[in-house]
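Participant: Under full-length UniProt numbering, the first residue of the sequence shown carries the number 1, and numbering increases by one thereafter. Just dropping this structure here.
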Amino acid sequence: MIRSFTFNLAATTRASTSIALPARIGKPAPDRVSSTPKGPFSSTARRHDFHFDTHHFVQRLEREGLNRAQAVGIMSAMAEVIDESIRNMTSNMVTKADQEKHRYTQQVDFAQLKSELQLMEKNELAMIKAENDRLVTDIDKLKQRLREEIMRTQAGVRLDLNLEKGRMREETSKQELKIKEVDTRIEQEIAALRTSIQVSKATTLQYLVGFVTGCSALLMAYMRFRY
1 MIRSFTFNLA ATTRASTSIA LPARIGKPAP DRVSSTPKGP FSSTARRHDF HFDTHHFVQR
61 LEREGLNRAQ AVGIMSAMAE VIDESIRNMT SNMVTKADQE KHRYTQQVDF AQLKSELQLM
121 EKNELAMIKA ENDRLVTDID KLKQRLREEI MRTQAGVRLD LNLEKGRMRE ETSKQELKIK
181 EVDTRIEQEI AALRTSIQVS KATTLQYLVG FVTGCSALLM AYMRFRY
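Structure follows, in structure tokens:
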């Protein structure tokens with residue numbers, strides 16, 4: 001019987017707190033026990049702002065076998081426990097005004113943070129743009145310097161090539177002049193050699209004619225003398 005009563009009491013407490021408690025927070029139910037004319041507790045019971053149907057709860061306990069005084073005592077204890085639990089629970093809660101204030105503060109902080117982020121983004125974009133412009137200017141200057149250096153190098157190379165071409169022309173002219181002088185000298189030597197050969201041929205021919213003539217004369221003299 002006690003175990004059945006304890007189980008029914010716990011079930012009744014859970015049902016009462018889980019169903020009636022959220023709907024009656026801040027809206028207390030009328031004290032049905034104090035308004036009930038039956039029993040000695042009807043005129044002396046202290047009024048509470050109950051958060052569940054106390055009359056129904058007392059009737060449920062009476063149906064479980066308890067008398068009126070016991071049922072009212074248990075109901076009062078349950079009411080105090082529930083009140084204490086609600087006070088402990090609501091002590092950690094904030095009011096709607098505080099919640100609105102906190103939400104407004106969050107909105108203000110978010111707007112300020114957004115403004116700061118936008119300002120930082122603008123500053124960073126301005127810095128990046130300035131750095132980009134500076135890099136573009138430096139690149140243009142570097143291109144100009146490189147172009148001038150290339151033109152200067154090309155001009156120097158052209159000048160060196162022209163000087164080298166002129167020197168090669170002079171060397172070629174000198175070599176051609178020397179070749180012509182050598183050709184002229186060779187032709188002169190060849191002409192002198194030809195003249196010398198012709199003279200030698202004529203002299204040799206004269207000697208040969210004289211020698212043949214002498215031999216012929218000696219041969220004819222010898223033939224005459226013999227015959």
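Beta carbons: idealized from backbone N, C-alpha and C, even for Gly. These figures come from a predicted structure and were not determined experimentally.
So, with DSSP's three-state summary, where would you put residue 95?
Facilitator: Reduced to three states, the DSSP call for residue 95 is coil.
Participant: Taking the beta carbon of residue 182 as the centre, do at least 16 other beta carbons fall within 10 Å, making it buried, or is it exposed?
Facilitator: Exposed, since its Cβ has fewer than 16 Cβ neighbours within 10 Å.
Participant: Should the stretch 75-82 be called in touch with the stretch 50-60, which here means at least 3 C-beta pairs below 8 Å?
Facilitator: As far as the Cβ criterion goes, the stretch 75-82 touches the stretch 50-60, which means the pair count is three or higher.
Participant: Which residues mark the beginning and the end of the alpha helix (DSSP H) in which residue 66 is found?
Facilitator: Here residue 66 belongs to no alpha helix (DSSP H), and DSSP marks it neither H nor E.
Participant: Rounded to a whole number of angstroms, what is the C-alpha to C-alpha distance between residue 167 and residue 186?
Facilitator: Those two C-alpha atoms are separated by around 28 Å.
Participant: If you drop the 5 nearest sequence neighbours on each side, which residues of the same chain put their C-beta closer than 6 Å to that of residue 115?
Facilitator: Result list for residue 115: empty, nothing under 6 Å.
Participant: Under 7 Å from any heavy atom of the ligand MN, does the C-beta of residue 206 make it?
Facilitator: Among the components modelled here there is no ligand, and therefore nothing to report on the ligand MN.
Participant: Determine the burial state of residue 212: buried for a count of at least 16 other Cβ atoms within 10 Å of its Cβ, exposed for fewer.
Facilitator: So residue 212 counts as exposed.
Participant: Taking the Cβ atom as the reference point for each residue, do residue 71 and residue 81 lie within a distance shorter than 8 Å?
Facilitator: It is not a contact, given that the beta carbons lie outside the stated cut-off.
Participant: Expressed to the nearest angstrom, what Euclidean distance is found between the alpha-carbon atoms of residue 219 and residue 201?
Facilitator: Distance between the alpha carbons of residue 219 and residue 201: 26 Å.
Participant: Just how far apart, CA to CA, sit residue 101 and residue 92?
Facilitator: Answer to the nearest angstrom: the Cα atoms are 17 Å apart.
Participant: Just how far apart, CA to CA, sit residue 96 and residue 136?
Facilitator: So the two alpha carbons sit approximately 58 Å from each other.
Participant: Going straight from the alpha carbon of residue 210 to that of residue 196, what length do you get?
Facilitator: Cα to Cα, residue 210 sits roughly 21 Å from residue 196.
Participant: Going by other Cβ atoms of all chains shown within 10 Å of its Cβ, with 16 needed for buried, is residue 230 buried or exposed?
Facilitator: Residue 230 is absent from the model: the chain starts at 1 and stops at 227.
Participant: Does residue 284 come out as helix, strand or coil in the three-state DSSP assignment?
Facilitator: It is not possible to answer for residue 284, since the shown part of the chain is limited to 1 through 227.
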